[in-house]
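Notes to accompany the following structure.
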Amino acid sequence: METLLLNNTDGDIARAGDILRNGGLVAIPTETVYGLAANALDGAAVAGIFRAKGRPQDNPLIVHISHIDQWAGLVREIPEAAMALALAFWPGPLTIILPKGDIIPDEVSAGLDTVAVRFPSMRTTRRIIDAAGVPLAAPSANLSGSPSPTCARHTMDDMRGRIDAVLDGGECNFGVESTVVTLATPVPRLLRPGAVTPEELRDVLGSLEIDEAVMGQLREGVQAASPGMKYKHYSPKAEITIIKGTLDEFVSYAESAVVNGGEMFALCFDGEEGNIPLKCVTYGREDDPLTQSHRLFTALRELDENGAARVLARCPSTEGVGMAVYNRLLRAAGFSVIDVGKKCK
Ligand code: TXA
Ligand code: MG
126 METLLLNNTD GDIARAGDIL RNGGLVAIPT ETVYGLAANA LDGAAVAGIF
176 RAKGRPQDNP LIVHISHIDQ WAGLVREIPE AAMALALAFW PGPLTIILPK
226 GDIIPDEVSA GLDTVAVRFP SMRTTRRIID AAGVPLAAPS ANLSGSPSPT
276 CARHTMDDMR GRIDAVLDGG ECNFGVESTV VTLATPVPRL LRPGAVTPEE
326 LRDVLGSLEI DEAVMGQLRE GVQAASPGMK YKHYSPKAEI TIIKGTLDEF
376 VSYAESAVVN GGEMFALCFD GEEGNIPLKC VTYGREDDPL TQSHRLFTAL
426 RELDENGAAR VLARCPSTEG VGMAVYNRLL RAAGFSVIDV GKKCK
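The opening position of the sequence shown corresponds to residue 126 in our numbering, with each subsequent residue numbered one higher.
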């Protein structure tokens, strides 16, 4: 199949809408990462997403809407807490899970009795949903296991020949996927950190539990609240180790680390390149987690493009949006962390 490259024009957005309405697959930009979209109400179209990504069948999808009044048709009911979250953070990078309505095909919910819904803030995304005239199911547009794409080129690298079209809407603003919170549990629970932080959610909800898989590895035998969290994720080909400690401690560790075969790289913060005795790829400013989230997945792909075999990564702070950055980096590193200092928690 030839994959069309569409642009952010009225004509191409209408074309993307036609393809989606007719059961096709189009990768679309959002403010978080590129998504691989299909008509969320068409089980056969949604099944195509799983094939194109090589996604495990038991990993449910997020449904994207372009107007808040589409939500009620997708879920059993909208409790007060859910509406409060929507009023505070929608449109934006927050996904809310609730018991699902009958209209949701099993392919979307992967057999669960809940559905995840998101109202994106990027204007182009909403125009595509409007053009399709249906809500869109869309996971991140990467091959399963790879870093999520944050620009049309990375999306095309993964999806060329597998889907009908990629619509180029430029670089994604946040660069990591949405915050996922479930209200289908007795106490609201954070399943995936993102640009909407736990503190911000608590301000609206009062109480919020943080799922244990957010900051660590799911223990053997524990069922994943969010099936996506049990899979290997965001992984470049290079083997990454997160080094907890100060820049000086990182540099000492890098000086003593030897690598057998292939090249060792550093994944570090902007401006640190001069201090580190390795080839460097940077991922934002140490004191600004939004610059880190914007860069992280691109940096992981750049490491592969540069032929990195092993990577020592500087450890981000886990405060605020930093929790989302650390969560993704930890999975990219396959949970490999070495603590060489005392400072970085
Ligand atoms: O920012 C985003 O959320 C992007 C853009 C395209 O909107 N989408 C995205 O989708 O990241 P995906 O499929 O890559 O990640 C969705 C996560 C997965 O970990 C999945 O297991 C979880 O949300 N999820 C979806 N529906 C769920 C449900 N009903 N219950 C629990 N977890 C769910
Ligand atoms: Mg994903």
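Here a beta-carbon is modelled for each residue, glycine too, at the ideal position from N, C-alpha and C.
Quick check on DSSP: helix, strand or coil for H419? Residue numbering aside, residue 419 sits at position 294 when the sequence shown is read from its first letter. Helix.
Does the distance between the C-beta of L415 and the nearest non-hydrogen atom of ligand 1 fall short of 7 Å? Numbered from 1 along the sequence shown, position 290 holds the residue referred to as residue 415. Answer for L415: no, Cβ out of range of ligand 1.
To the nearest angstrom, how far is the alpha carbon of S381 from that of T371? On the sequence shown, residue 381 is found 256 positions in, with the first residue counted as 1. On the sequence shown, residue 371 is found 246 positions in, with the first residue counted as 1. Those two C-alpha atoms are separated by around 16 Å.
Between the Cα of A277 and those of F390, P441, L131, spot the shortest distance and give me the residue it belongs to. Taking the first residue of the sequence shown as 1, we reach residue 277 at position 152. Residue L131 is the option with its Cα nearest to A277.
The beta strand (DSSP E) with D464 in it runs from where to where? Position 339 of the sequence shown, counted from the first residue, corresponds to residue 464. 462-464 is the extent of the beta strand (DSSP E) around D464.
Residue environment, G319, which counts as buried when at least 16 other CB atoms sit within 10 Å: The residue given as residue 319 occupies position 194 in the sequence shown. Buried, since its Cβ has 16 or more Cβ neighbours within 10 Å.
Where does C469 sit, in a helix, a strand or coil, going by DSSP? The residue you call residue 469 lines up with position 344 of the sequence shown. Note that C469 has pLDDT 47, beneath the 50 cutoff, so the model's placement of it is unreliable and the number below is only indicative. Looking at C469 - three-state DSSP - the assignment turns out to be coil, as it is neither helix nor strand.
May I have the straight-line CA-CA distance separating G432 from S271, to the nearest angstrom? Counted from its first residue, the sequence shown places residue 432 at position 307. Counted from its first residue, the sequence shown places residue 271 at position 146. Cα to Cα, the separation comes out at about 16 Å.
Nearest-angstrom Cα separation, counted from G331 out to A235: By one-based count along the sequence shown, residue 235 stands at place 110. By one-based count along the sequence shown, residue 331 stands at place 206. Whole-angstrom Cα-Cα distance: 30 Å.
Would you mind giving the Cβ-Cβ distance between V436 and S273, rounded to the nearest angstrom? I have them listed as a contact below 8 Å. Your numbering for residue 436 matches position 311 in the sequence shown. Your numbering for residue 273 matches position 148 in the sequence shown. In this structure V436 does not touch S273 by the C-beta definition: roughly 18 Å separates them, more than the 8 Å allowed.
Quick one: residues in its chain with C-beta nearer than 7 Å to the C-beta of F175, no 5 flanking neighbours on either side, listed in chain order? Your numbering for residue 175 matches position 50 in the sequence shown. Taken in chain order, the residues that qualify are Q182.
Buried versus exposed call for I463 [16 or more other C-beta atoms within 10 Å across all chains shown]: In the sequence shown, residue 463 corresponds to position 338, counting from 1. So I463 ends up on the exposed side.
Can you find a heavy atom of ligand 4 that lies under 7 Å from the Cβ of E156? Summarising the ligand content, the structure contains ligand 1 and ligand 2 and does not contain ligand 4.
From this set, F375, P218, G160, which residue's C-alpha is nearest I305's C-alpha? Along the sequence shown, one-based indexing puts residue 305 at 180. Reading off the sequence shown, one finds Val at residue 305, where the question assumed Ile. For V305, the nearest C-alpha among the options comes from P218.
Kindly indicate which residue of V347, G409, V465 has the alpha-carbon position closest to the one of E374. Locating residue 374 in the sequence shown gives position 249, counting from the first residue. Per the Cα distances, V465.
In chain order, what residues of the same chain have a beta carbon less than 6 Å from the beta carbon of A172, not counting five sequence neighbours either side? By 1-based counting over the sequence shown, the position of residue 172 is 47. Excluding positions up to five away in sequence, the list reads E232.
Limits of the unbroken beta strand (DSSP E) element including M389: Locating residue 389 in the sequence shown gives position 264, counting from the first residue. Run containing M389: 388-393, per the beta strand (DSSP E) assignment.
When you measure from the CB of G104 to every non-hydrogen atom of ligand 2, does any distance come out below 7 Å? Since the first residue of the chain shown is 126 and the last is 470, residue 104 is not available in this structure.
Going by the C-beta, is S377 closer than 7 Å to any heavy atom of ligand 2? By one-based count along the sequence shown, residue 377 stands at place 252. The answer is no for S377.
Closest by CA to I367, which one among L392, V347, M208? Residue 367 sits at position 242 when you count from the first residue of the sequence shown. Minimum Cα distance to I367 is reached at L392.
How many angstroms separate the CA atom of I153 from the CA atom of S377? Within the sequence shown, the letter at position 28 stands for residue 153. Within the sequence shown, the letter at position 252 stands for residue 377. Looking at the two C-alpha atoms, the distance is approximately 43 Å.
Short Cβ contact (8 Å threshold) for Q342 with F460: The residue labelled residue 342 in the question sits at position 217 within the sequence shown. The residue labelled residue 460 in the question sits at position 335 within the sequence shown. Yes, these two residues count as a Cβ contact at 8 Å.
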